[in-house]
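As you go down the protein sequences, you meet chains A and B in turn. Going by the working numbering, the first residue of the first sequence is number 317, and it counts up by one from there. Going by the working numbering, the first residue of the second sequence is number 682, and it counts up by one from there. Here the structure is laid out as structure tokens; the discussion comes afterwards.
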Amino acid sequence: AQKVTQAQTEISVVEKEDVTLDCVYETRDTTYYLFWYKQPPSGELVFLIRRNSFDEQNEISGRYSWNFQKSTSSFNFTITASQVVDSAVYFCALSEANAGNNRKLIWGLGTSLAVNP
Amino acid sequence: DTEVTQTPKHLVMGMTNKKSLKCEQHMGHRAMYWYKQKAKKPPELMFVYSYEKLSINESVPSRFSPECPNSSLLNLHLHALQPEDSALYLCASSQVFSRGDYEQYFGPGTRLTVT
Chain A
317 AQKVTQAQTE
327 ISVVEKEDVT
337 LDCVYETRDT
347 TYYLFWYKQP
357 PSGELVFLIR
367 RNSFDEQNEI
377 SGRYSWNFQK
387 STSSFNFTIT
397 ASQVVDSAVY
407 FCALSEANAG
417 NNRKLIWGLG
427 TSLAVNP
Chain B
682 DTEVTQTPKH
692 LVMGMTNKKS
702 LKCEQHMGHR
712 AMYWYKQKAK
722 KPPELMFVYS
732 YEKLSINESV
742 PSRFSPECPN
752 SSLLNLHLHA
762 LQPEDSALYL
772 CASSQVFSRG
782 DYEQYFGPGT
792 RLTVT
């Protein structure tokens with residue numbers, strides 16, 4: 317069955333520290349898509365990245381980077397030199413290509429990140 | 682600025698009231714979604730519209746009634762809600778729903794309180 321596990325419920329760091337948020341997934345499909353979303357205290361879910369199962373290249377976007385490893389079924393997210401504005405709940409999600417009409421996102425429980433000044 | 686808008690931002694309603702939540706997207710997307718999110722939980726899918734037709738209803742109680750008047754608009758009509766329906770209601774859109782590879786863009790949500 318599909319499943320997304322974010323083992324870290326809460327993380328607290330001091331500004332400028334690097335922090336990695338873990339995401340481990342389970343799927344039977346060979347074609348699937350992984351996503352990260354950010355939800356700040358305002359409530360809006362903000363799309364950060366999509367990765368498909370055929371593309372294992374790491375991605376960097378400014379202070380954000382993602383490490384996708386199919387061998388360990390992980391899609392981890394690192395924030396370099398964290399800032400207070402990074403404080404939010406971060407969700408990892410999975411979508412399978414061959415789930416028929418039940419192609420909904422499978423969400424992890426989220427990791428709440430607090431960046432303290 | 683988000684390209685998915687939702688109104689109202691906050692709503693307080695009694696259990697006998699009828700109200701509607703509204704969502705609009707300006708990205709030309711053909712799939713639209715309603716989610717319910719309780720505090721400290723991930724969003725739960727309620728409904729999916731694809732090309733203005735209801736594609737998925739996740740066994741949502743009939744006191745929630747979705748409507749998609751056109752490709753840009755999505756409504757959620759509420760009637761006879763229960764206090765446990767209090768939550769953040771999020772609208773989202775994506776290019777299509779035919780495959781799982783399109784990211785969803787979310788609106789700011791409506792925070793609903795049922796008294």
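Ideal placement from N, C-alpha and C gives every residue a C-beta, glycine not left out. All values reported here derive from a predicted model rather than from experimental measurement.
Residue i and residue j closer than 8 Å at C-beta
i	j	result
arginine 792 (chain B)	histidine 691 (chain B)	yes
valine 795 (chain B)	arginine 711 (chain B)	no
glycine 424 (chain A)	proline 723 (chain B)	yes
tryptophan 382 (chain A)	arginine 367 (chain A)	yes
lysine 420 (chain A)	leucine 726 (chain B)	yes
lysine 703 (chain B)	methionine 694 (chain B)	no
phenylalanine 407 (chain A)	glutamate 784 (chain B)	no
methionine 696 (chain B)	glutamine 763 (chain B)	yes
Same chain, Cβ closer than 7 Å to residue i, neighbours up to 5 away in sequence not counted
i	result
tyrosine 348 (chain A)	Ser369, Leu410, Ser411, Glu412, Ala413
serine 736 (chain B)	Val729, Tyr730, Phe778
phenylalanine 745 (chain B)	Met727, Leu757, Leu759
Sequence-distant residues of its chain with Cβ nearer than 6 Å to residue i (five each side left out)
i	result
phenylalanine 728 (chain B)	Trp715, Asn738, Pro747
alanine 720 (chain B)	none
lysine 319 (chain A)	Glu342
threonine 422 (chain A)	Note on identity: in this sequence residue 422 (chain A) is isoleucine, with threonine being the wrong assignment. The answer, listed in chain order, is Gln318, Val320, Leu410.
Under the three-state DSSP convention, the category residue i falls into
i	result
lysine 386 (chain A)	helix
proline 798 (chain B)	The structure shown has nothing for residue 798 (chain B), since chain B only spans 682 to 796.
valine 741 (chain B)	coil
glutamate 331 (chain A)	coil
valine 777 (chain B)	coil
glutamate 725 (chain B)	strand
glutamate 765 (chain B)	helix
Spatial neighbours of residue i in its chain, beta-carbon cut-off 8 Å, leaving aside the 5 residues before and after
i	result
proline 357 (chain A)	Ser403, Ala404
threonine 786 (chain B)	The sequence as given places tyrosine at residue 786 (chain B); threonine does not occur at that position. Contacts found: Thr683, Glu684, Val685, Gln706, Met708, His710, Ala773, Ser774, Ser775.
One or two residues paired with residue i in a DSSP bridge
i	result
valine 795 (chain B)	B:Met694
glutamate 375 (chain A)	A:Trp382
methionine 713 (chain B)	B:Tyr730, B:Ser774
leucine 429 (chain A)	A:Ile327, A:Ala404
Are three or more beta carbon pairs between the stretch 328-344 of chain A and the stretch 376-395 of chain A nearer than 8 Å?
With three or more CB-CB distances shorter than 8 Å, the stretch 328-344 of chain A counts as touching the stretch 376-395 of chain A.
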